[in-house]
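*Asks:* Residue numbers (our numbering): 56 to 315.
Each residue gets a CB set at the ideal place from its N, CA and C atoms; glycine is no exception.
It should be emphasised that the depicted structure is a prediction, and the values quoted were computed from it without experimental measurement.
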């Protein structure tokens, strides 16, 4: 039997998606991009899912890049379509109304770093390596690498990573703001799931409002962003979770959020 391209596991409101091509270092081919797109669409529609954790199968790689063997034969039009295929999937992840955590367990290079960057939070093992090595293949990043790097770590670091193609270690990625946390490799899964559990117990509609505000604010001017935030702030006053959260605070007890 053919192994599935994605392994899916559900536990306590956390859905773990694991790219399952360890023999190819989890490289992204067209079929894997489509499988990820469908999996994130399903997670968005499933009310039992509060948080998504994304990682790679095997001990070596989160995702080591796009599938070079598949790309080698593409025509210019097919290359553009492949780029748009990945970009659409990663925009779906970026706009997901639920937190997505990238658990970077190894190499996150090229399309792998682009996939990690479209997630909302990134926790990396101290052994992880990240980079945009497309220059070494006569290519440029095609799934948003230049744009998300620019927004995460600024112009100088983006140009260094893209123009040289040299990978960097997890600690440097943390210093540049590419990842949120670095933990010992042996503790990566436990620390990631601890964070995921914290988010899964939070108010889902408030989380969604924050994600929306950051997504909108990152693509508009300050005044428009402030207006959008004020509107979202007012909207959460219509939720049961807001009453539960404020009531629990006043009663000095732990809130139990329902997502309503």
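Can you list, in chain order, the residues of its chain with a C-beta nearer than 7 Å to that of residue 255? Leave out the 5 residues immediately preceding and following it.
*Replies:* Locating residue 255 in the chain shown gives position 200, counting from the first residue. Excluding positions up to five away in sequence, the list reads 67, 68, 69, 105 and 106.
*Asks:* Okay, do the region 164-184 and the region 137-146 touch, 3+ Cβ pairs below 8 Å being the bar?
*Replies:* yes
*Asks:* Can you confirm whether the region 207-227 touches the region 114-132 when touching is taken to mean that 3 or more C-beta pairs between the two stretches lie within less than 8 Å?
*Replies:* no
*Asks:* What span of residues does the beta strand (DSSP E) with residue 106 cover, start to end?
*Replies:* Mapped onto the chain shown, residue 106 falls at position 51. Start and end: 106-111.
*Asks:* Evaluate the contact criterion for the region 265-272 versus the region 149-158: three or more CB pairs, one atom per stretch, below 8 Å.
*Replies:* yes
*Asks:* With DSSP as the reference, label residue 186 as helix, strand or coil.
*Replies:* The count along the chain shown starts at 1 and reaches residue 186 at position 131. Strand, per DSSP.
*Asks:* Would you call the region 179-186 in contact with the region 199-208, where contact means no fewer than 3 C-beta pairs closer than 8 Å?
*Replies:* As far as the Cβ criterion goes, the region 179-186 does not touch the region 199-208, which means the pair count is below three.
*Asks:* Who are the Cβ neighbours of residue 258 in its own chain at under 7 Å, not counting the five residues just before and after it?
*Replies:* Stepping through the chain shown from its first residue, residue 258 is reached at position 203. Closer than 7 Å at the Cβ level, and outside the excluded window around residue 258, lie 296, 300 and 312.
*Asks:* With residue 132 and residue 178 assumed to form a contact (beta carbons below 8 Å), what rounded beta-carbon distance in angstroms separates them?
*Replies:* For the purposes of this step, residue 132 is identified with residue 77 of the chain shown, where counting begins at 1. For the purposes of this step, residue 178 is identified with residue 123 of the chain shown, where counting begins at 1. Not really, about 38 Å apart at Cβ, beyond 8 Å.
*Asks:* DSSP on residue 295, reduced to helix/strand/coil?
*Replies:* For the purposes of this step, residue 295 is identified with residue 240 of the chain shown, where counting begins at 1. Residue state, collapsed to three classes: helix.
*Asks:* Three-state secondary structure (DSSP) at residue 234?
*Replies:* The sequence position of residue 234 within the chain shown is 179, counting from 1. Coil, per DSSP.
*Asks:* Using a threshold of 7 Å, is the CB atom of residue 125 nearer than that to any non-hydrogen atom of the ligand FAD?
*Replies:* Among the ligands in the structure shown, none appear at all, so the ligand FAD cannot be discussed.
*Asks:* Starting from residue 312, trace the alpha helix (DSSP H) in both directions and tell me its first and last residue.
*Replies:* Here residue 312 is taken as the residue at index 257 of the chain shown, counted from 1. No alpha helix (DSSP H) holds residue 312; DSSP gives it neither H nor E.
*Asks:* Is it true that the CB of residue 120 sits closer than 8 Å to the CB of residue 161?
*Replies:* Residue numbering aside, residue 161 sits at position 106 when the chain shown is read from its first letter. Residue numbering aside, residue 120 sits at position 65 when the chain shown is read from its first letter. Cβ atoms of residue 161 and residue 120: not closer than 8 Å.
*Asks:* State the DSSP-derived secondary structure class of residue 258, mapped to helix, strand or coil.
*Replies:* In the chain shown, counting from the first residue as 1, residue 258 sits at position 203. Residue 258: coil per DSSP, three-state reduction.
*Asks:* Need the endpoints of the alpha helix (DSSP H) that residue 76 sits in, please.
*Replies:* On the chain shown, position 21 is the one that residue 76 refers to. No alpha helix (DSSP H) holds residue 76; DSSP gives it neither H nor E.
*Asks:* For residue 65, name the three-state secondary structure that DSSP assigns.
*Replies:* As a position in the chain shown, residue 65 is number 10, starting the count at 1. The answer is strand: DSSP assigns residue 65 an E or B state.
*Asks:* Between which residues of its own chain and residue 309 is the CB-CB distance below 8 Å, once the five residues before and five after are set aside?
*Replies:* For the purposes of this step, residue 309 is taken as residue 254 along the chain shown, with counting starting at 1. Closer than 8 Å at Cβ, skipping near neighbours: 303.
*Asks:* Does the distance from the CB of residue 88 to the CB of residue 76 come in under 8 Å?
*Replies:* If you number the chain shown from 1, residue 88 lands on position 33. If you number the chain shown from 1, residue 76 lands on position 21. In this structure, residue 76 does not lie closer than 8 Å to residue 88 by Cβ.
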